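Below: the structure, in structure tokens.
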Amino acid sequence: EFTSSTGDTVMIDEGALVEGTIDEDAVGAFGGEIVDTIVKQYGETRARVFINEVASLAMRAIMHFGFSIGIDDESISDAAEAQIDESMDNAYERVQELIDTYENDDLESLPGRTVDETLEMKIMQTLGKARDSAGDIADEHFDDDNPAVIMAESGARGSMLNLTQMAACVGQQAVRGERINRGYEGRTLSHFKPGDLSAEAHGFVEDSYRSGLTPREFFFHAMGGREGLVDTAVRTSKSGYLQRRLINALSELETQYDGTVRDTSDNIVQFEFGEDNTSPVKVSSSDDNEIDVDEIADRVLAAEFEDEGEEFAGEQATNLSESADDRMDRDRPSSHGAAPIDVPEVGDD
Numbered sequence: 227e228f229t230s231s232t233g234d235t236v237m238i239d240e241g242a243l244v245e246g247t248i249d250e251d252a253v254g255a256f257g258g259e260i261v262d263t264i265v266k267q268y269g270e271t272r273a274r275v276f277i278n279e280v281a282s283l284a285m286r287a288i289m290h291f292g293f294s295i296g297i298d299d300e301s302i303s304d305a306a307e308a309q310i311d312e313s314m315d316n317a318y319e320r321v322q323e324l325i326d327t328y329e330n331d332d333l334e335s336l337p338g339r340t341v342d343e344t345l346e347m348k349i350m351q352t353l354g355k356a357r358d359s360a361g362d363i364a365d366e367h368f369d370d371d372n373p374a375v376i377m378a379e380s381g382a383r384g385s386m387l388n389l390t391q392m393a394a395c396v397g398q399q400a401v402r403g404e405r406i407n408r409g410y411e412g413r414t415l416s417h418f419k420p421g422d423l424s425a426e427a428h429g430f431v432e433d434s435y436r437s438g439l440t441p442r443e444f445f446f447h448a449m450g451g452r453e454g455l456v457d458t459a460v461r462t463s464k465s466g467y468l469q470r471r472l473i474n475a476l477s478e479l480e481t482q483y484d485g486t487v488r489d490t491s492d493n494i495v496q497f498e499f500g501e502d503n504t505s506p507v508k509v510s511s512s513d514d515n516e517i518d519v520d521e522i523a524d525r526v527l528a529a530e531f532e533d534e535g536e537e538f539a540g541e542q543a544t545n546l547s548e549s550a551d552d553r554m555d556r557d558r559p560s561s562h563g564a565a566p567i568d569v570p571e572v573g574d575d
């Protein structure tokens, strides 16, 4: 039993899914509660078989039922669009109030921030809440069987933020964590007046991908996307070179039979592997994923004694230590009438 990414309880009893939905937290590459539990309870071989069987089952399910997504899956009702428009109007009014307060020198700066930085932070917060509100409105009008919602909630592909940007509002575009301020002298584009501090003039995209962006929104969106492209290229090269250096630096280190970590010159790098001599594979990452030793012992004992007839019926131990005690008692000779043990004498030769 565990909790899925959506907060629902997932319960599996004797291999059958009793409650909940199998999602990324259950069989994902980085979560994998089910796979992790199978490895610790039944071993790597059974986990490998489980992964292959799940993959085959998923392929057969998709071949039988089908799963596709189209442009209509991101459409929302006219009532939802009206609610989103109202939410955007309220956000614009709140931003204009902040700008008027700033221009009248009545805006109080936050601790450790200048007045200009305070204005930008509050505008970013206001527009961020507006996008979240638009997403909540759109989410209420999506059905649970919507393919886009299924993919986002299960962790298969995308997120609810992506669905919000497709159906409701793309939101504020940022460069280096701030609103777009670079461009022409005193303004971002020639389409705005100098000194314009409004949301539209600094990269806020009100439209959604489905409804289409205006030329100005498209330009701002390209500015925000360019930072992501450059950052991806730079981060990939930096992380790749760092990995190469780590591999070369650690290539000659190995764990010896005495538990120490040494190099090829027999120099001790660590007296114990990882300072605790514990394999990370066998360590639980959370309290909810602890190894149930009693359950494993009961299963092993049940398998060991299931063919022993009725002698052990109703007498199976609850844990491994009790089983060991019981077996020692059975094997210990009785003190009443026990036959003496003949010990052969050892000769001089």
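Residue 575 is where the sequence shown ends in the numbering used here, and the numbering goes up by one at each step. Glycine included, every Cβ here is placed at the ideal spot set by N, Cα and C. Quick caveat, the model's predicted, so the values are computed rather than measured.
Can you tell me which of the three DSSP states residue i falls into?
| i | result |
| --- | --- |
| Y483 | coil |
| E404 | strand |
| F293 | coil |
| E431 | The question names Glu, but residue 431 is Val in the sequence shown. DSSP places V431 in strand when its eight states are reduced to three. |
| Q398 | strand |
| T544 | Unreliable placement is indicated for T544, whose pLDDT of 49 sits below 50; the coordinate value is still reported in the next sentence. T544 falls in the coil class under three-state DSSP. |
| R383 | coil |
| T327 | helix |
| T414 | coil |
| A276 | The sequence given here places Phe at residue 276; Ala does not occur at that position. Helix, per DSSP. |
Between residue i and residue j, which are expected to be in contact by the criterion C-beta below 8 Å, what is the C-beta distance as a whole number of angstroms?
| i | j | result |
| --- | --- | --- |
| T390 | A364 | 6 Å |
| I325 | H367 | That pair is no contact at about 32 Å. |
| L345 | A425 | Rounded, the Cβ-Cβ distance is 12 Å, inconsistent with contact. |
| A317 | A356 | 3 Å |
| D249 | G384 | Contact flag wrong, Cβ pair sits at about 13 Å. |
| I406 | F444 | Not a contact, Cβ separation roughly 13 Å. |
| T488 | E480 | The displayed chain sequence assigns Arg, not Thr, to residue 488. Yes, R488 and E480 are in contact; Cβ-Cβ is about 7 Å, under 8 Å. |
Which residue marks the beginning of the beta strand (DSSP E) containing residue i, and which one marks its end?
| i | result |
| --- | --- |
| D239 | 235 to 239 |
| A252 | No beta strand (DSSP E) holds A252; the alpha helix (DSSP H) holding it covers 250 to 253. |
| L243 | 242 to 245 |
Roughly how many whole angstroms lie between the Cα atoms of residue i and residue j?
| i | j | result |
| --- | --- | --- |
| E270 | T504 | 18 Å |
| S491 | F497 | 15 Å |
| E536 | E227 | Only weak support exists for where E536 lies, its pLDDT of 48 falling under 50; the coordinates are left without a value. |
| G466 | D457 | 14 Å |
| A306 | G361 | 10 Å |
| L439 | G409 | 20 Å |
| S463 | Q469 | 10 Å |
| D298 | G421 | 40 Å |
| T414 | V341 | 21 Å |
| V460 | G451 | 15 Å |
| R436 | A374 | 14 Å |
| P234 | I349 | Checking the displayed sequence, the identity of residue 234 turns out to be Asp instead of Pro. Cα to Cα, the separation comes out at about 35 Å. |
| F430 | Q398 | 4 Å |
| V509 | M285 | 32 Å |
| V396 | I376 | 21 Å |
| I522 | Q267 | 7 Å |
| S412 | F256 | First, the residue type needs correcting, since residue 412 is Gly and not Ser in the sequence shown. Using only the alpha carbons, I get a separation of about 47 Å. |
| E291 | D371 | Here residue 291 is Phe; the residue named in the question, Glu, does not match the sequence. C-alpha separation (whole angstroms): 13 Å. |
Between which two residues does the alpha helix (DSSP H) harbouring residue i extend?
| i | result |
| --- | --- |
| Q351 | 341 to 366 |
| F531 | 519 to 531 |
| S424 | Per DSSP, S424 belongs to no alpha helix (DSSP H) and is neither H nor E. |
| S303 | Segment: none, S303 is in no alpha helix (DSSP H) and carries neither H nor E. |
| N388 | 386 to 393 |
| P420 | Looking at the DSSP string, P420 is not in any alpha helix (DSSP H), and its letter there is neither H nor E. |
| E334 | Neither: E334 is in no alpha helix (DSSP H) and is coded neither H nor E. |
| E501 | E501 -> no alpha helix (DSSP H), and no H or E assigned at all. |
Taking CB distances under 9 Å as the criterion, tell me whether residue i reaches chain B.
| i | result |
| --- | --- |
| R339 | Any reference to chain B falls outside this structure, which holds one protein chain only. |
Legend entry - Runs of beta strand (DSSP E) wholly within the region 436 to 497 (minimum 3 residues, chain order): 494 to 496
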